[in-house]
Amino acid sequence: MKRRNHLRIVGQLLGISVLGGAAARIFSPPSEDAEFVAQGRRFAWQIIPGKCRHCGICETACVRKPSAVKALNDPKKCSNCVVCYGHITDTHIDSNKIDSEGDRVCPVNAVTRINFSGGADGMFLYAQDPKRCIGCGKCVKRCNHHGTESMFLAIRPDLCLGCNECAIALACPHDAIERIPRETVDDYLGDYWFDSTYMTGEGA
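Dropping the structure here:
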């Protein structure tokens, strides 16, 4: 059973890595937690990773509640650490106590931790549960300041209302939100599989 689960997880990650194309990202059917999908939009809003400072504006400024902005973790950049900066505040905690006693970085416990191989001191997969994530960016901030910068924020196209004037863009102090044509080949700066626990994206 362990081998079967191992192969299943590997298969999920491989599936993510090959998923691509603007049409697949933008025009895919909405996930279960998507309440609104605008039709015929000719533009979209995206976060520029190089400018984002994970200040928390995305959580509070978005007209959607919870925000259309969600945190993601790129498994190609993630080091699969036993103790993840974006997951646990106490990085010196014993590995076998993390799940039961570790203080979570995320205020809504949206960051998931799954053993990939090697047991308690082995390799772990980290991802954000989109149904819990509120877009506060706390996990992303710690990962970018102390970790491998694998976590980032993205505006989900299947949740975004497509406002002519994005409230987050107007409030962002770092000018990290931009409006782009939906036809752009390099939109959203990466590939996302929104219906899965695991998601990936390429930083700019």
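Position 87 (the sequence shown) corresponds to 87 in full-length UniProt numbering; numbering is contiguous. Idealized CB from N, CA, C, for every residue including glycine.
key: Member of I48, N144, Y126 and S79 whose CA lies at the smallest distance from the CA of V111   = If we check each option's Cα against that of V111, Y126 comes out closest.
query = If we ignore side chains and look at the alpha-carbon of each, how far apart do I134 and C55 end up?
reply = A straight line joining the alpha-carbon of I134 with that of C55 spans about 13 Å.
request  = Would you give the residue range spanned by the alpha helix (DSSP H) that A169 belongs to?
outcome  = Segment A167 to A171, the alpha helix (DSSP H) holding A169.
query = Taking the alpha-carbon positions, what's the G50 to A176 distance?
reply = When rounded, the distance between both Cα atoms is 8 Å.
Simplified DSSP state of V83, which is helix, strand or coil = Of the three classes helix, strand and coil, the one that applies to V83 here is coil, per DSSP.
inquiry  = Using 8 Å as the threshold, is the C-beta distance between C172 and I98 below it?
reply    = No, the pair does not count as a contact, with Cβ atoms beyond the cut-off.
message = For I88, report the span of its alpha helix (DSSP H) as first-last.
response = Annotation for I88: no alpha helix (DSSP H) segment contains it, and DSSP assigns it neither H nor E.
key: Neighbour flag for A167 against chain B, beta carbons, 8 Å   = Looking for chain B here will not work: only one protein chain is present.
ask   = Do you know how far the Cα of D121 is from the Cα of L170?
value = Those two C-alpha atoms are separated by around 45 Å.
query = When DSSP builds the beta bridges, which residues end up paired with R179?
reply = DSSP, once it has assigned bridges, lists W45 as partnering R179.
query = Since N115 is in the beta strand (DSSP E), which residue starts that stretch and which ends it?
reply = Residues V111 to S117.
query = If you count every other CB in all the chains shown that lies within 10 Å of the CB of T89, and 16 or more means buried, which is it?
reply = So T89 counts as exposed.
ask   = Residues in its own chain within less than 6 Å of V83 by CB, not counting five upstream and five downstream?
value = For V83, where only same-chain residues beyond five positions count, the Cβ hits under 6 Å are T91.
request  = Within 10 angstroms of the Cβ of N96, are there 16 or more other Cβ atoms? Answer buried if so, exposed if not.
outcome  = Its Cβ having fewer than 16 others within 10 Å, N96 is exposed.
Buried/exposed call for I47, threshold 16 Cβ in 10 Å = Burial call: buried.
Among G119, K65 and R53, the one whose alpha carbon lies nearest that of L159 = When only C-alpha atoms are compared, the closest one is K65.
ask   = From residue 220 to D94, what does the alpha carbon distance come to, in whole angstroms?
value = Outside the displayed range of the chain (1 to 204) lies residue 220, so it cannot be described from this structure.
ask   = The alpha helix (DSSP H) spanning P61 covers which residue range?
value = Note on identity: in this sequence residue 61 is Ala, with Pro being the wrong assignment. I57 to A61 is the extent of the alpha helix (DSSP H) around A61.
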